[in-house]
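For the sequence shown, the positions run 76 to 493 when our numbering is used.
For every residue, glycine included, the Cβ atom is placed at its ideal position computed from N, Cα and C.
Keep in mind it's a predicted model, so treat the numbers as computed, not measured.
First the structure, in the form of structure tokens, and then the observations on it.
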Amino acid sequence: MSESVPMPGALLAADGVPLKARLARQRRLRQLKAVLLVLPLMLFLLLTFLLPIGALLTRSVDNPEVAAVLPQTGRALAGWDGRALPGDDAFLALAQDLARAKEEKTVPELAKRLNMEEPGFRSLLQKTARKMPLAAGEAPKAALLDIDERWGELPYWRAIARNGHTVTPYYLLSALDMQQGADGTPELKAEEERAFLSIFGRTLWMSFWVTVWCLLLGYPLAYWLSQLPARRSNLLMILVLLPFWTSVLVRVAAWIVLLQREGLINSALMALGLTDAPLELAFNRVGVYIAMVHILLPFVILPAYSVMKSIPPSYMRAAISLGDHPFAAFWKIYFPQTVSGVAAGALLVFIMCIGYYITPALLGSPEEQMVSYYVAFYTNVTINWGMAAALGTLLLVATLLLYAVYQRLVGSDKLSLG
């Protein structure tokens, strides 16, 4: 095989290889090294971030219980319109599936899932399973109706038919206080059965006010720190960072001590004669707001201070020297340059607020519990992974929508930490 001959006029390296080819090879090597350097981080993010999110999204629509335990019944109800009782083949399939489920001890799992759809299904299934298998030659429809007349009611059969597939919208609809109607279309639940829409509204409302208070307190403080000499501002910045060295649980416990009826704040107010009786500061929304603002305030101060420190003081002096009022100069010249840091801090605080759990759980009453409390409740108490995943999925969607709004209003190129 003949050696490649360089083009006339091509620059050659010392070893005779064209310089362009050598530069291209070196560029590919640098790119390969860069990929190898970030590969551990990419694998870490994949295992600890992307895969859990994927599992969360999958679990919110996963519905294996009914399809696995009642496969023959699901096939028999595939073409059923739900307007009248199904045929004898469905009753026979149900009897056979329940007999097998009794042997495999999977009836409790099935009963738990279907009881979510139709109250009373647990007792119906357990009562029927105890009578399985049916006697040889016994008509399955008459036998099941003899065991429990509820097998003659349509809602129970509709619940089985709706859950014959391994994917269901039940959990996501329930998290939005909705359900599937008799014809399968989503509809709102009865007024007395709704809960989660108000919980989501409460979560967003409390997060909004915590963000507002953090902005109102954090912006002036960040501005004051940015105007101080470097040595003093660095010293005071340590006080801002000091809470990060203490556990959130410890800080919440300290606020309980301070805010309770016999706490230090009420004792001081009464000693000074400012109040005649202890104020209700703990175990209500006031205490939750105070603790959350204290915990999240540094997340506004740090990005705002970072941006403010980079703004040259000469801009304000030039505007004032040209006859502008100091406040007008601040509003027209200084404030627009701090929007990126303020927006970053507000976005960070709001996103952290909507996922808060410990502070409302310890310092609030049942009326202050946010969505994350119910995620923990369904995970640890009722072991309902579907509802926990559905609530988490809706929180993720809310976070992504919030980021999209900020990107539209502020822009990803300006949404920075300094």
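- In the three-state DSSP reduction, Q101 falls in the helix class (H, G or I).
- Annotation: the continuous alpha helix (DSSP H) that includes Q302 extends over 271-302.
- Burial check for Y481: the Cβ neighbour count within 10 Å reaches 16 or more, so the residue is buried.
- At a Cβ-Cβ threshold of 8 Å, F358 and L438 count as neighbours.
- With respect to I395, P318 sits apart: the two C-beta atoms are not nearer than 8 Å.
- Nearest in C-alpha terms to D221, of all of Q412, Y231, K202, is K202.
- Apart from the 5 residues on each side of it in sequence, Y231 sits with its Cβ closer than 7 Å to the Cβ of E193, F196, L199, R225 in its chain, given in chain order.
- Taking one beta carbon from each stretch, the region 203-214 and the region 163-181 have 3 or more pairs nearer than 8 Å; the two touch.
- Distance check between F410 and each of S385, V424, C428, K177 places S385 closest, using alpha-carbon atoms only.
- Taking C-beta separations shorter than 6 Å and ignoring five residues to either side along the sequence, the partners of A404 in its chain run M391, A394, I395, following chain order.
- CA-to-CA, the gap between T286 and Q444 works out to about 17 Å.
- Within a 10 Å sphere around the beta-carbon of K216 sit 16 or more other beta-carbons, which makes this residue buried.
- Closest in C-alpha terms to T243, from the list P304, S273, Q255, V136, comes V136.
- DSSP, read as helix, strand or coil, puts Q482 in helix.
- Residue range 261-263 is occupied by the beta strand (DSSP E) that includes E262.
- With fewer than 16 other beta carbons inside 10 angstroms of its own, N309 counts as exposed.
- Under the three-state reduction of DSSP output, M427 falls in the helix class.
- Exposure of A305 is indicated by the presence of fewer than 16 other C-beta atoms within 10 angstroms of its C-beta.
- Nearest in C-alpha terms to L471, of all of V382, R483, C428, is C428.
- For A379, the CB contacts under 7 Å within the same chain, skipping 5 residues up- and downstream, are G293, Y294, A297, T413, G416, V417, G420 in chain order.
- With respect to the 8 Å criterion, I274 and V450 are not classified as neighbours on the basis of their beta carbons.
- Uninterrupted alpha helix (DSSP H) stretches at least 4 residues long and entirely within the region 169-246 occur at 182-192, 196-205, 215-222, 229-237, given in chain order.
- Distance between F452 and A436, taken at the CA atoms: about 11 Å.
- Contact annotation: A479 and L131 have beta-carbon atoms that are not nearer than 8 Å.
- For S249 and M367, the gap between their C-alpha atoms comes out near 29 Å.
- Contact check for V323 and I426: beta-carbon distance about 16 Å, past the 8 Å limit, so the pair fails to qualify.
- L477 and T468 have their alpha carbons spaced roughly 14 Å apart.
- Restricted to the region 314-402, the alpha helix (DSSP H) segments that are unbroken, complete and at least 4 residues in length are 323-334, 339-346, 360-371, 373-384, 389-396, listed in chain order.
- If you check the CB distance, L356 and L334 come in under 8 Å.
- Between V141 and R188, the gap from beta carbon to beta carbon is short of 8 Å.
- Using a Cβ distance threshold of 8 Å, L354 and N341 count as a contacting pair.
- Straight-line spacing of the CA atoms in R307 and S389 works out to 21 Å.
- Spanning the alpha carbons of K407 and L272 requires a straight line of approximately 40 Å.
- When C-alpha distances from W330 are compared across D351, L314, G362, the shortest belongs to G362.
- The three-state reading of DSSP puts P441 in helix, counting H, G and I together.
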